[in-house]
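Colleague: Residue numbers for the sequence shown follow the numbering used here, beginning at -1 and rising by one.
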Amino acid sequence: MRVGAILSQADAGTDPTRIRRYARELEEAGYEHLMAYDHVLGASPERLGAGPFGGFPEPPYTSEHTFHEILVLFSHLAAVTSTMEFVTSVVVLPQRQAPVVAKQVATMDLLSEGRLRLAVGAGWNAAEYMALGADFDHRTAVLEEQIEVMRKLWTERIVTFDGRFHQLDRVGINPLPERPIPVMLGTRIADAAMRRVARVADGWMPLALPGIDRGTLAEGVRRMREICESQGRDPDSLPVFARVYFGPGWQAETETALRCGCADFSVGVNRFENPDMTLEDHLRILVETKPEIDSLVG
């Protein structure tokens, strides 16, 4: 199982030296990837209104929280590291133009020599969708079609596509990526979302946060295997990308991820339970805990 670290965007700050140091020191400590979250726009609490917000009782992020544009951030960090991979968790795809994302991903994957790992999702912030001129109500249907469009753009020099939300007439991106780009879907542990994963994704990233999501990783993996089998898909063809947050019981959660056969997992600090920690605090904990993680993972 490959182990990576989480960059909490809201705690990252704006000092480029500190952010570069975070990535470099985690690479030196042996973390294989860096995961970060995505938002283009934040909204004021007044604009967001009453919850829930994608399972959160209160807005998890507002206009007060720092968020660097995720693909620009990763492009920068790829240039100052050598082996570390970069994992999106998740690009909120339906509020972006699919051909633009396909082009950005292809470019970064080429220039980083294959170190980008793409996970996409539908998001929760209706205010963000509206401000970006995107359709919040049909976002899951848009998402499925976007994945189909991007796969065509990555593999065909000239694409013609006539869909419900996308019309492409003899166009293409150049250069094409030099490898297939797997697309993971990040979802909560809910049947409708998991059926979508089994139907269209190359991997699954369960977005389960302790204390907020009702399903556990083990329950989710068991249910996902059932869903795959019911849809005629080999469950082993759908790798699972898990995450673990430090706190009481994190070692047991790591062992659960191992037992569940997860191909990758990311570790980090739960910022909702540790709101006053700085980026340096996150880095220190990750570096100090890496030997224990290695002893668990083997």
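Note that CB positions come from ideal geometry on N, CA and C, so glycine has one too. Predicted model, so just to flag it, every value in this text is computed and none were measured.
Give the single residue among Asp279, Gly121, Arg162, Glu67 whose Cα lies nearest to the Cα of Thr185.
Modeller: Gly121
Colleague: Could you check which residue in Asp274, Tyr35, Ala117, Arg220 has the C-alpha nearest to that of Arg257?
Modeller: Arg220
Colleague: Using the rule of at least 16 other Cβ atoms within 10 Å of the residue's Cβ for burial, across every protein chain shown, is Ala216 buried or exposed?
Modeller: exposed
Colleague: Please confirm if Gln7 has its CB atom under 8 Å from at least one CB of chain B.
Modeller: The displayed structure is made up of one protein chain only, and chain B is not part of it.
Colleague: At 3 residues or longer, what runs of the beta strand (DSSP E) sit wholly inside the region 191 to 247?
Modeller: 201 to 204, 239 to 244
Colleague: Tell me whether the region 23 to 30 and the region 56 to 65 touch, counting them as touching only if at least three CB pairs, one residue from each stretch, are closer than 8 Å.
Modeller: no
Colleague: Report the residue from Arg0, Phe51, Val1, Gly11 whose alpha carbon sits nearest the alpha carbon of Glu278.
Modeller: Gly11
Colleague: Could you tell me which whole beta strand (DSSP E) segments of length 3 or greater appear in the region 117 to 191?
Modeller: 157 to 160, 165 to 169, 181 to 185
Colleague: Using DSSP bridges, identify the partner residues of Val267.
Modeller: Phe244
Colleague: Since Ala3 and Ser264 are thought to touch, with beta carbons under 8 Å apart, how far apart are those beta carbons, to the nearest angstrom?
Modeller: 6 Å between Cβ atoms; contact.
Colleague: Is it right to say Thr153 is buried, meaning 16 or more other beta carbons lie within 10 angstroms of its own, or is it exposed?
Modeller: Thr153 counts as exposed, since fewer than 16 other C-beta atoms from the protein chains shown sit within 10 angstroms of its C-beta.
Colleague: How many Å lie between Pro178 and Thr79 at the Cα?
Modeller: 23 Å
Colleague: By a C-beta neighbour count over all protein chains shown, 10 Å radius and 16 as the cutoff for buried, is Gln229 buried or exposed?
Modeller: exposed
Colleague: Which word fits Val169, buried or exposed, when buried means at least 16 other C-beta atoms lie within 10 angstroms of its C-beta?
Modeller: exposed
Colleague: From Leu5 to Leu32, what does the alpha carbon distance come to, in whole angstroms?
Modeller: 7 Å
Colleague: In the DSSP assignment, find the beta strand (DSSP E) that holds Arg94 and state where it starts and stops.
Modeller: Note, Arg94: premise wrong, no beta strand (DSSP E); not H, not E.
Colleague: Can you list, in chain order, the residues of its chain with a C-beta nearer than 7 Å to that of Met192? Leave out the 5 residues immediately preceding and following it.
Modeller: Thr185, Arg221, Met222, Ile225
Colleague: By alpha-carbon positions, which one of Ala196, Ala190, Glu251, Val140 ends up nearest to Asp234?
Modeller: Ala196
Colleague: With distance defined between alpha-carbon atoms, name the residue in Ser42, Phe54, Ala125, Leu114 nearest to His74.
Modeller: Leu114
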